[in-house]
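**Student:** Below is a structure I'd like to ask you about.
Laid out in C-alpha cells, this is it:
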C-alpha cells in the first residue's frame with residue numbers, strides 16, 4: 002500500500018480548526034496519506050519566514066513528498082495557486098514566493114523546475130470559499146496528487162511564477178559581504194543567510210562577523226565548547242552561519258531581530 | 002486494512018503528557034488508527050469554545066470519523082460519559098454540551114441523533130482514575146469503536162443528554178437580532194454566531210452590524226479587497242459572519258472579546 | 002504490515018523545522034513508522050522536566066514502542082548517545098539522565114535494563130552535524146531499530162550510564178518526608194514526587210502536606226468535590242500526589258514553582 006507523505010506548513014497556528022480541517026479534507030480524498038506538520042507557527046502573513054522554514058526542512062523528507070504551504074495574505078485576490086515540481090519533491094500553495102528559497106537555488110544551478118497554475122476546478126473542494134484556499138484548493142489538490150493524479154491534470158505550466166533573489170548576501174567590496182538575520186530559532190540563535198556552501202572559507206581563514214555592536218571572530222564546532230554567555234559563530238545544522246550564545250539567548254543578548262544586517266569580512 | 006480516523010479535541014495543551022497518553026492507549030487497542038489533532042488549545046474548562054471548534058471542523062472529515070472531545074471540568078463527578086452518533090460521525094466525550102453545537106442543529110432539523118451512556122466498564126482502562134477519563138474512558142471506548150465494536154455494546158441509549166440552545170442569535174424586533182462573538186481566531190477575526198444559512202440576506206440587502214463602537218455596513222468577499230485597517234464583515238470559511246481587519250487584528254482594534262454582543266439590523 | 006510506534010519528546014518547540022526534520026528522516030528510513038509527539042515543549046535544556054514527562058507517558062504505549070528523547074544541552078560534547086531497553090520499551094537519546102526516571106525504578110526492583118552506547122556510524126545520517134544529533138543520530142537509529150535492526154548492531158553494552166537517584170523524597174524523621182514539586186501542569190496543579198505506590202497510606206491515615214504557607218490535610222477523589230478556591234491533595238492520574246485548586250491555578254495561588262519543597266507528615 003502506498004502511503005504518500007504530505008507535509009503542512011502554515012501560519013494558521015494550532016488554536017483554531019484550520020489545520021485539522023485541511024487534514025480532514027486530505028484524508029477524505031487520500032485515506033492512506035501520512036501527514037507531517039512542519040510548523041503552523043509562522044508569524045501571520047510572514048512569507049519569508051515560511052519560505053526559510055520550508056527550505057530548512059524539505060530535504061530531510063524522502064523524494065516524492067508533497068509539501069503544502071499556506072502563508073497567504075493575498076488569498077482570494079489575483080495571486081495564483083501553484084504546483085511546483087523541484088528537486089524530486091512537490092510543493093502546493095500560493096504563487097507568492099513561499100517556495101522561492103527552494104526553487105531559486107535550483108534555477109540558479111540550471112536544474113529543472115516545473116510550475117503549474119492550478120486551474121482545474123475539478124480538483125477543488127466545492128463550494129470554493131474566498132478566504133480558505135488551504136482547505137478548498139491546496140489540500141484537495143495535494144490529496145489528489147498523492148492519490149496518483151498526474152501533475153499535468155491540475156493546470157498549465159507557467160514560467161512567470163514569482164522569483165525572488167534578495168534572500169542572499171550582497172558583496173559590498175572585495176572581501177566584504179552584507180547579509181541579514183533570516184530567522185531566530187526557539188533557542189534564540191540568530192540564523193543568517195550566509196551559507197556554508199558559499200562562505201565555507203570561514204572554517205579555515207580569519208574572519209569577522211559584525212552584528213549589532215558585536216564583532217565575532219571565532220567559529221565554534223558546537224555550543225558546548227564556548228564559555229557561558231559569549232557570542233560565537235557556528236555553522237548550524239541547516240548549513241547556515243548562526244550566531245549563538247552557549248545556553249543563552251543570542252537574539253536578546255545582542256538585541257537583534259529578523260532582518261538585522263550582518264557584515265562578514267574574510268581576510 | 003481499515004485505517005479508522007480518530008480526532009482529538011481537548012483543553013490539555015501540548016505541554017504535558019496527557020494527549021500523548023491518550024494516543025498511546027488508542028494505538029495499543031487499535032494499532033491502525035489514524036490520529037488527527039483538532040486542537041488541544043481550548044481554554045481550560047471552556048466547553049463552549051470546544052463546542053464551537055468541533056462544529057467548525059467535523060464536517061471536513063470523512064463519514065465514520067470518531068471525534069474524541071475532552072473539555073471536562075466535571076471529570077469524576079456525576080456527569081455522564083457519552084457516545085453520540087450524528088451526521089454519520091461518532092463523538093465520544095462528556096455529556097456537558099461539548100457536542101451540542103453538532104447535534105443541536107441536526108435535532109432541530111429532525112435528523113437522527115443517537116446518544117448512549119457509556120456504562121460498560123469492560124471497555125474502560127483499568128484501574129479507572131477519577132481525574133483522567135480522557136485516558137481511561139474516552140480513549141479506550143473510541144479505540145474499541147474504531148476496532149469494530151458496535152455502539153450498542155458500550156451502554157444504553159439515553160434521551161436526556163444535555164441540549165443547549167442559547168448558542169444562537171435572538172430576534173429583538175422585526176429586522177433586528179442580537180448575537181455574540183463565539184470565538185476569536187489566531188488572526189484576531191471576531192467570529193459571530195450569525196450563520197450564512199440563516200442570515201444570508203446580508204449578501205444582497207443593506208445591513209448594519211453594531212459591535213463595540215463600530216457600525217459595519219460593508220460585506221467583503223475576501224480580506225484583500227478592503228483597505229488596511231478598516232473593519233469589515235465577511236462570511237468566513239465556516240459559514241459564519243466574521244468581523245475582520247485586513248492584515249490587522251480586529252479583536253484588539255475593536256476591543257472585543259468572546260461573548261461580546263453584536264447587533265444585526267437588516268433593511 | 003508492521004507499523005512500529007515511535008514517540009518524540011524534545012525541547013525543540015514547534016516553531017522551527019527541527020521536529021519535522023527528524024520525522025522526515027525517520028519516514029525516509031522506515032516508511033511505515035507511526036509517529037506520536039509526546040511534547041516538544043520541554044523548557045530548553047531542562048533534562049529533569051523531560052525525564053518526568055517521559056516517565057508519565059511511556060507506559061500508556063504498547064510494548065516495543067520506541068521513544069526518542071532529545072533534551073540535550075551537551076550535544077556535540079563527550080556525552081554519549083545511547084539506546085536503552087527497559088520495561089519492554091526502547092529509548093533512544095543522550096546519556097544525560099533523560100531516561101533515568103524510567104530505568105531507575107526498574108533497576109531498584111532488580112528488573113533488566115540494557116543500555117548500549119551508539120557507536121556504529123553506519124546507522125547515523127551523514128554528514129554527521131555537531132549540533133543536531135536528533136536528526137543525525139537519534140532519528141536514524143530509532144528508524145533502523147523500528148525497521149528491524151537488532152539492538153546489538155548499534156553498539157556495545159555499557160554499565161556506567163548515568164544513574165540519578167535524587168528524584169525521590171527523603172525521610173527526615175520517623176513519620177516525616179521531604180519531597181518537592183516535580184512539575185506544574187497546564188492547569189496549574191503542582192505535581193509532587195510522592196508516589197501513590199510508596200505513600201498510599203495517606204488514603205487511609207491522617208496526614209499533613211506542608212507546601213509554601215499552606216497545610217493540606219484533605220485528600221480528595223476528584224477536582225469537583227472540593228469548594229472553589231480551596232487547595233486540596235489528590236492522587237493524580239500518573240500516580241503522584243498533586244496539590245490542586247478546583248477550577249483554579251494552584252501554582253499561582255500558592256506561589257510555588259518546580260523544585261519547591263513539600264513536607265509530608267503521616268500519623
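Protein chains in written order, with my numbering: chain S, 2 to 268; chain C, 2 to 268; chain F, 2 to 268. Here a beta-carbon is modelled for each residue, glycine too, at the ideal position from N, C-alpha and C.
Taking the alpha-carbon positions, what's the residue 286(C) to residue 268(F) distance?
**Tutor:** Missing from the structure shown is residue 286(C); chain C here goes from 2 to 268 and no further.
**Student:** Using the Cα positions of residue 25(S) and residue 39(S), report the straight-line distance between them to the nearest angstrom.
**Tutor:** Approximately 17 Å between the Cα atoms of the pair.
**Student:** Any idea if residue 174(F) is buried or exposed, counting beta-carbon neighbours within 10 angstroms, 16 or more meaning buried?
**Tutor:** Classification for residue 174(F): exposed.
**Student:** Within the chosen definition, does the segment 153-165 of chain C reach the segment 111-126 of chain C through at least 3 CB pairs nearer than 8 Å?
**Tutor:** The segment 153-165 of chain C vs the segment 111-126 of chain C: in contact.
**Student:** Just to confirm, does residue 68(C) get its C-beta within under 7 Å of one of the non-hydrogen atoms of the ligand NAP?
**Tutor:** For the ligand NAP, the structure offers nothing, since it holds no ligand at all.
**Student:** Using a Cβ-Cβ cut-off of 8 Å, state whether residue 181(F) counts as contacting chain C.
**Tutor:** Residue 181(F) does not count as touching chain C.
**Student:** Out of 180(S), 236(S), 124(S), 191(S), point me to the one whose CA is closest to residue 1(S)'s CA.
**Tutor:** This structure gives no information on residue 1(S), because the portion of chain S shown stretches from 2 to 268.
**Student:** So with CB distances below 9 Å, who are the chain C contacts of residue 133(S)?
**Tutor:** Simply 237, 238, 239.
**Student:** Are the CB atoms of residue 176(C) and residue 61(F) nearer to each other than 8 Å?
**Tutor:** For residue 176(C) and residue 61(F), no; Cβs fall outside 8 Å.
**Student:** So residue 69(F) is in the beta strand (DSSP E); what residue range does that whole segment cover?
**Tutor:** Unbroken beta strand (DSSP E) run through residue 69(F): 67-71.
**Student:** In whole angstroms, give me the CA-to-CA distance for residue 147(S) and residue 20(F).
**Tutor:** Cα to Cα, the separation comes out at about 23 Å.
**Student:** Residues of chain C with a CB under 7 Å from the CB of residue 14(S): which are they?
**Tutor:** Under the 7 Å cutoff, chain C gives 187.
**Student:** When the Cα of residue 212(F) is compared with those of 152(F), 251(F), 226(F), 36(F), which residue comes out closest?
**Tutor:** Closest option to residue 212(F), Cα to Cα, is 251(F).
**Student:** Considering only residues of the same chain and omitting the five flanking positions on each side of residue 54(F), which have a CB-CB separation below 8 Å?
**Tutor:** Correct list, in chain order: 10, 39, 40, 43, 184.
**Student:** Evaluate residue 89(S) with the Cβ neighbour count: other Cβ atoms within 10 Å of its Cβ, from every protein chain shown; 16 or more gives buried, anything less gives exposed.
**Tutor:** By the neighbour-count rule (16 or more Cβ atoms within 10 Å), residue 89(S) is not buried but exposed.
**Student:** Does DSSP put residue 112(S) in a helix, in a strand, or in coil?
**Tutor:** Residue 112(S) falls in the coil class under three-state DSSP.
**Student:** With distances taken from CA atoms, which of 122(S), 99(S), 132(S) is nearest residue 239(C)?
**Tutor:** Considering only alpha carbons, the answer is 132(S).
**Student:** Does DSSP put residue 135(S) in a helix, in a strand, or in coil?
**Tutor:** Residue state, collapsed to three classes: helix.
**Student:** Does any C-beta atom of chain C lie closer than 8 Å to the C-beta of residue 259(S)?
**Tutor:** With 8 Å as the cut-off, residue 259(S) does not count as an interface residue toward chain C.
**Student:** Out of 229(S), 207(S), 188(S), which has the shortest C-alpha to C-alpha gap to residue 243(S)?
**Tutor:** If we check each option's Cα against that of residue 243(S), 188(S) comes out closest.
**Student:** Using a 10 Å radius around the Cβ and a threshold of 16 neighbouring Cβ atoms, would you call residue 22(C) buried or exposed?
**Tutor:** Its Cβ being crowded by 16 or more others within 10 Å, residue 22(C) is buried.
**Student:** Count the other CB atoms, across all protein chains shown, that sit within 10 Å of the CB of residue 126(F); report buried if there are 16 or more and exposed otherwise.
**Tutor:** The residue is buried, with at least 16 neighbouring Cβ atoms inside 10 Å.
**Student:** With a threshold of 8 Å between beta carbons, is residue 101(F) in contact with chain C?
**Tutor:** Not closer than 8 Å to any Cβ of chain C, the Cβ of residue 101(F) fails to qualify, so no.
**Student:** Pull out every residue of the segment 216-234 of chain C whose Cβ sits closer than 9 Å to any Cβ of chain F, in chain order.
**Tutor:** Here the close residues number zero.
**Student:** Would you mind listing the beta strand (DSSP E) stretches within the segment 7-41 of chain F that are 3+ residues and don't spill past its ends, in chain order?
**Tutor:** Those beta strand (DSSP E) runs which fall completely within the segment 7-41 of chain F and span 3+ residues are 35-40.
**Student:** Please name the residue in 206(F), 228(F), 234(F), 222(F) whose C-alpha comes closest to that of residue 195(F).
**Tutor:** Of the listed residues, the one whose Cα sits closest to residue 195(F) is 234(F).
**Student:** So that I know if they touch, is there some Cβ in chain F lying closer than 8 Å to that of residue 32(C)?
**Tutor:** Closer than 8 Å: yes.
**Student:** In this structure, how does DSSP classify residue 165(C) when only helix, strand and coil are distinguished?
**Tutor:** Three-state result, residue 165(C): coil.
**Student:** Whole angstroms is fine: what's the gap from residue 208(F)'s alpha carbon to residue 222(F)'s?
**Tutor:** In a straight line, the C-alpha of residue 208(F) is about 15 Å away from that of residue 222(F).
**Student:** Around the C-beta of residue 34(F), are 16 or more other C-beta atoms found within 10 angstroms, so that it is buried, or is it exposed?
**Tutor:** Buried, since its Cβ has 16 or more Cβ neighbours within 10 Å.
**Student:** Could you have a look at residue 47(F) and say whether DSSP puts it in helix, strand or coil?
**Tutor:** Coil.
**Student:** Please classify residue 1(C): does DSSP put it in a helix, a strand, or coil?
**Tutor:** The structure shown does not extend to residue 1(C), since chain C is modelled only from 2 to 268, so the question has no answer here.
**Student:** Cβ closer than 7 Å: which chain F residues qualify as neighbours of residue 24(C)?
**Tutor:** Within chain F, the residues near residue 24(C) are 37.
**Student:** Just curious, the alpha helix (DSSP H) that residue 90(C) is in, first and last residue?
**Tutor:** Counting along the chain, residue 90(C) falls outside any alpha helix (DSSP H), though it belongs to the beta strand (DSSP E) covering 90-95.
**Student:** Is the Cβ of residue 61(F) closer than 8 Å to any Cβ of chain C?
**Tutor:** Cβ-Cβ to chain C under 8 Å: yes for residue 61(F).
**Student:** So residue 209(C) is in the beta strand (DSSP E); what residue range does that whole segment cover?
**Tutor:** Residue 209(C) -> beta strand (DSSP E) spans 208-212.
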